[in-house]
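In the numbering used here, the protein residues as written are 1 to 320.
Report on the following structure.
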């Protein structure tokens, strides 16, 4: 692995059926940073990706190696990498030639200088991603998640879902990988924001996959995941907002249902709309329960943050 001021540096390339691009990806990163360990995580490929990667790494005399992960999904591949690879600085990139290997040293510099725990290769600021991306619905989903994350965490991040990023050892060893697929980048960003890690964005050039290379993304399936991710962001990171919003909705529905009931009582001193009275009561009780759940979970999140900060402090002291 590359040592810069005694730091150990690893490049991680998750790959699933990337036989048409894996060799050129490895060569480009090896050429840009010949001292680095390059690890290809073969994510259950059914083509020659693993063999091509292993042969090329051996032929180049490149430090690193091939790691196999049978459980499908980029999240699972990175989970295996983080568990297996021991380094001071980690650089993540896709194995499809979409990210410039020549920017690798610029991305790791803030980590080495202790200016950041996560450095994100920003594809969006220069407008290059918008021109190269051939999937407009993906761009819309990215923008929607970006707005929500920035709104909730009062941040100004330009690219939430970039797969090109450098990570510090402290971040990697204190990040629980709980997602399995392409939502891993969003999850990493949320974890960094929620736990107050330092994030730096550096604009990079992005290009779409070359001809012959097929994207593993599915517009509608991944669009559903985007919506689910938005709900999960609220549920896990802002439970009071999530359950409080549900409480307001149930409360409003209960009040709406209660209008005929209240009208009965005012005019006749008798309730004729008994089913509506029962429904309104049930909705208001549900609203109170939702608000209570939100308050309890919000307190638990705060307690978890306190415990995480203590654990993180110990981790930084041990690393230094």
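In this text, a Cβ means the ideal position worked out from N, Cα and C, and glycines have one as well.
Less than 8 Å between the CB atoms is what I'm expecting for residue i and residue j, so what's the real figure, rounded?
i, j, result
"residue 237", "residue 190", "6 Å"
"residue 29", "residue 116", "Going by Cβ atoms, the distance from residue 29 to residue 116 rounds to 20 Å, so no, they are not a contact pair."
"residue 322", "residue 257", "Nothing can be reported for residue 322, as the shown portion of the chain is limited to 1 through 320."
"residue 64", "residue 56", "11 Å between Cβ atoms; not a contact."
"residue 239", "residue 145", "In fact, because the Cβ distance is near 19 Å, the residues do not count as touching under 8 Å."
"residue 113", "residue 72", "About 37 Å; that fails the 8 Å criterion."
"residue 253", "residue 283", "5 Å"
From the options, pick the residue whose C-alpha is nearest to that of residue i; which is it?
i, options, result
"residue 167", "227, 287, 120 and 279", "120"
"residue 87", "312, 285, 32 and 6", "6"
"residue 36", "57, 9, 102 and 13", "9"
"residue 288", "249, 107 and 300", "249"
"residue 101", "114, 123, 67 and 164", "164"
"residue 107", "96, 90, 144 and 265", "90"
"residue 162", "56, 259, 239 and 118", "118"
"residue 251", "268, 286, 224 and 240", "286"
"residue 224", "274, 61, 142 and 109", "142"
"residue 124", "176, 54, 169 and 202", "202"
"residue 82", "282, 314 and 169", "169"
"residue 95", "24, 80, 155 and 274", "24"
"residue 76", "177, 33 and 111", "177"
"residue 235", "315, 61, 278 and 293", "293"
"residue 182", "151, 150 and 229", "229"
"residue 109", "195, 85, 33 and 151", "33"
"residue 62", "80, 84, 31 and 85", "31"
"residue 195", "13, 54 and 303", "303"
"residue 54", "80, 85, 13 and 84", "13"
"residue 255", "267, 268, 278 and 84", "278"
Please confirm whether residue i and residue j have their CB atoms less than 8 Å apart.
i, j, result
"residue 11", "residue 38", "yes"
"residue 244", "residue 305", "no"
"residue 171", "residue 140", "no"
"residue 93", "residue 49", "no"
"residue 69", "residue 47", "no"
"residue 187", "residue 179", "yes"
"residue 208", "residue 158", "no"
"residue 21", "residue 78", "no"
"residue 41", "residue 67", "yes"
"residue 308", "residue 204", "no"
"residue 280", "residue 261", "yes"
"residue 233", "residue 148", "yes"
"residue 160", "residue 74", "no"
"residue 312", "residue 174", "yes"
"residue 259", "residue 265", "no"
"residue 193", "residue 242", "no"
For the alpha helix (DSSP H) that residue i lies in, which residues bound it at each end?
i, result
"residue 106", "104 to 112"
"residue 68", "Counting along the chain, residue 68 falls outside any alpha helix (DSSP H), though it belongs to the beta strand (DSSP E) covering 64 to 68."
"residue 262", "239 to 268"
"residue 55", "49 to 60"
"residue 24", "22 to 32"
"residue 83", "74 to 84"
Tell me the residue span of the beta strand (DSSP E) that contains residue i.
i, result
"residue 122", "118 to 122"
"residue 92", "89 to 92"
"residue 14", "7 to 15"
"residue 41", "37 to 42"
Which ranges does the beta strand (DSSP E) cover as unbroken runs of at least 3 residues, wholly within the segment 144 to 224, from first to last along the chain?
165 to 168 and 199 to 203
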